[in-house]
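Numbering (our numbering), first residue to last: 22 to 289.
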């Protein structure tokens with residue numbers, strides 16, 4: 022047996038150890054990956070991507086919160102939101118605007134672009150309330166009060182989901198309202214009331230809650246109200262289909278649902 026002198030044996034051991042360290046590190050790293058390339062912790066199940074999400078204006082606040090939570094749980098993914106009235110979002114999709122996910126405030130809007138989307142999933146529901154100035158200075162108690170011509174009322178335009186729901190519930194009660202303006206989205210209605218440019222307006226319950234320090238919300242009984250449904254779908258032209266599908270699925274997950282419901286949205 023040929024023996025390596027002590028110094029040579031020591032040097033050889035050090036060299037061997039140095040060579041094995043990066044190999045071991047690579048081996049350990051691979052063992053932390055699953056078949057989808059995700060880490061063992063499962064915090065990044067979807068591939069990293071920059072996603073553009075077209076979302077109804079009434080989702081503005083809650084989606085900012087949801088987006089931050091999603092990005093934290095999925096390192097490398099970045100969400101860019103574009104908020105507008107559902108009718109505007111549908112027009113963008115029809116015109117080929119690049120995006121990955123569409124979320125509208127009604128199913129009819131989503132149906133208009135069904136050839137451009139995957140099968141949608143309802144992620145939340147909502148209801149209307151009467152928004153008034155803080156302290157309800159004009160003592161608005163119910164829908165019938167909105168017919169008072171001395172009251173400056175604003176509504177969402179008829180082509181906007183919130184406008185369609187408003188017309189539906191007013192027609193159901195045979196109430197005629199002559200709005201001083203019809204706005205392009207529900208957030209614009211809320212803004213008019215916040216700024217004192219209108220005495221009252223019909224908005225979603227979640228919108229009024231987001232401005233609770235500036236407006237009061239008068240509840241509308243369920244039997245006089247309408248249920249707004251929010252469908253979410255991926256766009257077929259998305260260049261990040263897998264990541265987009267993962268985000269839409271997450272909106273229906275326990276974490277996504279908790280964020281939506283904490284903001285006042287109701288279960289699908």
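Idealized CB from N, CA, C, for every residue including glycine.
Closest residue to residue i among the options (Cα-Cα distance)
| i | options | result |
| --- | --- | --- |
| residue 193 | 146, 224, 215, 242 | 242 |
| residue 257 | 138, 82, 84 | 138 |
| residue 205 | 79, 99, 262, 266 | 79 |
| residue 105 | 262, 209, 233 | 209 |
| residue 152 | 161, 145, 191, 146 | 161 |
| residue 112 | 280, 130, 146 | 130 |
| residue 142 | 262, 260, 252, 284 | 252 |
| residue 226 | 286, 181, 182, 219 | 286 |
Residue interval of the alpha helix (DSSP H) (run including residue i)
| i | result |
| --- | --- |
| residue 268 | 262-272 |
| residue 139 | Looking at the DSSP string, residue 139 is not in any alpha helix (DSSP H), and its letter there is neither H nor E. |
| residue 123 | Premise fails: residue 123 lies in the beta strand (DSSP E), 122-124, not in any alpha helix (DSSP H). |
| residue 283 | 275-283 |
| residue 368 | Outside the modelled stretch of the chain, which goes from 22 to 289, sits residue 368, for which no answer is possible. |
| residue 166 | Neither: residue 166 is in no alpha helix (DSSP H) and is coded neither H nor E. |
| residue 128 | 128-132 |
Enclosing beta strand (DSSP E) for residue i [first to last residue]
| i | result |
| --- | --- |
| residue 252 | 248-255 |
| residue 176 | 174-177 |
Spatial distance of residue i from residue j (CA atoms)
| i | j | result |
| --- | --- | --- |
| residue 211 | residue 94 | 32 Å |
| residue 122 | residue 72 | 8 Å |
| residue 269 | residue 82 | 17 Å |
| residue 271 | residue 277 | 6 Å |
| residue 264 | residue 248 | 30 Å |
| residue 274 | residue 87 | 12 Å |
| residue 126 | residue 171 | 31 Å |
| residue 101 | residue 246 | 33 Å |
| residue 128 | residue 148 | 15 Å |
For residue i, three-class secondary structure by DSSP
| i | result |
| --- | --- |
| residue 204 | strand |
| residue 219 | coil |
| residue 238 | strand |
| residue 287 | strand |
| residue 190 | helix |
| residue 154 | strand |
Cutoff 8 Å: residue i Cβ touching any chain D Cβ
| i | result |
| --- | --- |
| residue 215 | The structure shown contains no chain D; it holds only a single protein chain. |
Checklist entry - What are the complete beta strand (DSSP E) segments, minimum 3 residues, inside the segment 67-115? => result 71-77, 99-105
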